[in-house]
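Below you'll find the structure, written out as structure tokens, and then a few comments.
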Amino acid sequence: MSISLQKGQKVSLSKDNAGLSKVVIGLGWDEAKRSRGLFAPKPQPIDCDASALLLQDGHLRGKDDVVYFGNLRHTTGTVQHMGDNLTGAGEGDDEQIVVDLASIPTVYDRIVLVVNIYQAVQRHQHFGMIQNAFIRLVDARNNKEMCKYNLTENYSGMTAMVFGEVYRYNGEWKFNAIGQGTNDPGIGELANRYI
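Sequential numbering of the sequence shown, starting at 7, is according to the numbering used here.
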């Protein structure tokens with residue numbers, strides 16, 4: 007049974023899922039309908055990009071620890087981005103990140119899951135133009151959804167979002183639903199928050 011989470015809620019992934027080793031982190035969003043004048047050009051699609059930041063003692067140590075559309079696989083092979091969705095169109099997850107929890111080296115204690123809008127500043131786009139945003143964790147063994155967090159706040163003006171984090175605590179893996187908007191213009195600036 008999937009747990010529906012609220013902002014700031016933490017849940018154990020290991021406790022009710024004995025033998026859990028690999029999770030699929032699904033992130034999704036839809037572009038909200040935009041009104042435009044009769045002769046206005048069609049607006050550019052909003053291209054959201056999901057990324058995973060692997061932290062050591064709460065800090066990002068190098069660019070190799072950022073898994074995103076330009077670096078689909080972490081050097082340890084334990085975190086893999088399944089590819090970039092340029093429009094967010096369609097049902098279900100728009101982007102997925104697979105995490106092999108059982109094999110992540112112990113130096114990594116936290117994986118922060120973020121989404122930024124590609125060229126948000128240049129295109130005058132923000133998360134107020136996005137609806138139905140969510141993050142969910144699925145047990146890769148049986149494709150069973152363990153938990154889901156629907157981001158329901160108004161994130162107007164925000165160009166990037168910290169959706170949540172998977173972290174190790176007392177030998178078990180947990181998930182924290184964060185839902186924090188930022189004004190970072192890209193993944194580089196977003197990643198710098200954790201240096």
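Note that beta-carbon positions come from the ideal geometry of N, C-alpha and C, so glycine has one too.
In this structure, 110 is the residue among 36, 153, 110 and 193 with its C-alpha nearest to the C-alpha of residue 82. In this structure residue 197 is buried. Its beta-carbon is surrounded by 16 or more other beta-carbon atoms within 10 angstroms. In the three-state DSSP reduction, residue 133 falls in the helix class (H, G or I). Sequence-distant partners of residue 116 (beyond 5 residues in either direction) whose C-beta falls short of 7 Å from its own C-beta, in its chain, are 61, 64, 171 and 173.
Counting along the chain, the unbroken alpha helix (DSSP H) around residue 193 starts and ends at 193–198. The stretch 150–164 makes contact with the stretch 132–139, as at least three CB pairs between them are under 8 Å. Residue 127 carries a helical assignment under DSSP once its states are collapsed to helix, strand and coil. Note: residue 142 is bridge-paired with 32 and 154 in the DSSP secondary-structure output. Counting C-beta pairs closer than 8 Å gives fewer than three between the stretch 125–132 and the stretch 16–26, which falls short of the contact rule.
Between residue 188 and the set 101, 127, 112 and 71, the nearest pair of CA atoms involves 127. With contacts defined by Cβ atoms closer than 7 Å, residue 28 and residue 183 do not form a contacting pair. Distance between residue 8 and residue 58, taken at the CA atoms: about 22 Å.
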